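A.B. asks: Going left to right, the sequence shown walks through residues 1 to 179 as our numbering numbers them. Below: one structure in C-alpha cells.
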Amino acid sequence: MNCKKTIKQRKSAFAFTEDEIKYSEILDILDSARLAPSAKNRQPWKFYILEKEEKEKVLTWFLEELKQNNSEETGLATAKYIKDSQYLVLVFMEDTTDNIATNILSIGASIENALLTATEKGIGSLWIFDLCVISHKLTTYCNAPGKLISSVCFGIDKDPSKRVAKKKTLNEIILNLKN
Ligand SMILES: Cc1cc2nc3c(=O)[nH]c(=O)nc-3n(C[C@H](O)[C@H](O)[C@H](O)COP(=O)(O)O)c2cc1C
Numbered sequence: 001m002n003c004k005k006t007i008k009q010r011k012s013a014f015a016f017t018e019d020e021i022k023y024s025e026i027l028d029i030l031d032s033a034r035l036a037p038s039a040k041n042r043q044p045w046k047f048y049i050l051e052k053e054e055k056e057k058v059l060t061w062f063l064e065e066l067k068q069n070n071s072e073e074t075g076l077a078t079a080k081y082i083k084d085s086q087y088l089v090l091v092f093m094e095d096t097t098d099n100i101a102t103n104i105l106s107i108g109a110s111i112e113n114a115l116l117t118a119t120e121k122g123i124g125s126l127w128i129f130d131l132c133v134i135s136h137k138l139t140t141y142c143n144a145p146g147k148l149i150s151s152v153c154f155g156i157d158k159d160p161s162k163r164v165a166k167k168k169t170l171n172e173i174i175l176n177l178k179n
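Here you go:
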C-alpha cells in the first residue's frame, strides 16, 4: 500500500465491531508514533494504553465530569465511541512549561503516524480530545509526566468504507493556487 492510498483510506471510526485486536498490534502502531518528527527531536510524547476495566474506569470519570459540567450533549457521543472501542491510548506531553506549541505539533505528528499505521493494518481509530476535561485526573492516575494532550481509541471499524467527513478542495485551502 502506498502512502497516499493509506492517507485517503484513513477515516475516523465511529462504530466498532467486537473483533479483537492483539496487544502487539497496538505496540506496533505506537512504534510508528515514536518515529514521528518532533521539534528539536524532543519526542515529547508518552503513551498509556488502557483496555477493559481500566478503560471502563476512565469512562466513568469522564461521564461524571460531563454530568457535573452539563456538557453531556457534546461528550456523550465520544463516551460511546470509547466504550465500544477495544483500546484507549492516552497521549501525554512532557515539558509543559516551555515549547508548548512545538510540543503539541510534534504530538500531532506522532498521532497521525499511529492512525496511518492502524489504517494499513485494517484497524479503525478515532482521535479524541474530549477526554482532556479530566486531564488532571488521568495524569495522576497514570503517574504521567506532564499533561494529557489527546487520546486515541482503536478497534475494528464497523463501517470501514463509509467516509463521513467532507474534505476541503485544494482551491479552498491554497491561498495562491496557480491555475
Ligand atoms: C485534535 C482532534 C481532536 C478530536 N477530538 C474528537 C473527539 O473528542 N470526539 C470525536 O468524536 N472525534 C474527535 N476527533 C475526530 C474528528 O471528529 C474527525 O477527525 C473529523 O470529523 C474528520 O473526520 P475524519 O477523521 O474521518 O477525516 C478529533 C480529531 C482531532 C484531529
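Glycine residues also receive a C-beta, built at the ideal position from the N, C-alpha and C atoms. The structure presented is a predicted model; accordingly, all values stated were derived computationally and were not measured.
Taking Cβ to Cβ, would you say I49 is nearer than 8 angstroms to Y87?
C.D. replies: yes
A.B. asks: Report the three-state DSSP secondary structure of S24 (helix, strand or coil).
C.D. replies: helix
A.B. asks: Span of the alpha helix (DSSP H) holding T58?
C.D. replies: Inspection of the sequence shows that residue 58 is occupied by Val rather than by Thr. Where V58 is concerned, the enclosing alpha helix (DSSP H) stretches over K52 to Q68.
A.B. asks: Around the Cβ of V152, are there at least 16 other Cβ atoms within 10 angstroms (buried) or fewer (exposed)?
C.D. replies: buried
A.B. asks: Starting from the C-beta of N171, find all residues in its chain whose C-beta is less than 7 angstroms away, skip the five residues before and the five after it, and write them out in chain order.
C.D. replies: L177
A.B. asks: How far does the alpha helix (DSSP H) with G108 in it reach, from first residue to last?
C.D. replies: I100 to E120
A.B. asks: Return yes when the Cβ of K137 is within less than 8 angstroms of the Cβ of W61, no when it is not.
C.D. replies: yes
A.B. asks: State buried or exposed for G155, treating a residue as buried only when at least 16 other CB atoms are found within 10 Å of its CB.
C.D. replies: So G155 ends up on the buried side.
A.B. asks: Measuring only the C-alpha atoms, how far is L30 from A13?
C.D. replies: 18 angstroms
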